[in-house]
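Colleague:
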Amino acid sequence: MVEITKALIWTIAKWAIVVFIAGFIGQFGKSLTKHLLAKRKRKQSSHFSNPKMEKKRQKAEIKRLKKGR
12 MVEITKALIW TIAKWAIVVF IAGFIGQFGK SLTKHLLAKR KRKQSSHFSN PKMEKKRQKA
72 EIKRLKKGR
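Be aware that the sequence shown starts at 12, since it is given in the working numbering, and climbs by one per residue.
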């Protein structure tokens with residue numbers, strides 16, 4: 012049978028802490044990544060407008076130019 016020593020207990024404790032920290036980073040890293048991706052998507056969607064709205068804007072601009080002549 013394995014003799015339980017302070018060194019063995021310390022090794023087990025270190026591994027338990029490493030596993031706990033890895034789980035913590037994994038869980039909150041995933042949440043942070045989702046948050047950052049959603050924020051990036053919102054920012055990009057504001058730069059790239061809806062094609063239908065872009066067509067309406069172009070049409071309105073053409074109409075405005077024709078009316079001004």
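Backbone N, C-alpha and C define an ideal beta-carbon position, used for all residues, glycine too.
Between the C-alpha atoms of W26 and Q55, what's the straight-line distance to the nearest angstrom?
Modeller: One C-alpha to the other measures close to 42 Å.
Colleague: How many Å lie between I23 and I32 at the Cα?
Modeller: Taking the straight line joining both Cα atoms gives about 14 Å.
Colleague: What's the C-alpha gap between Q38 and K50?
Modeller: Distance between the alpha carbons of Q38 and K50: 19 Å.
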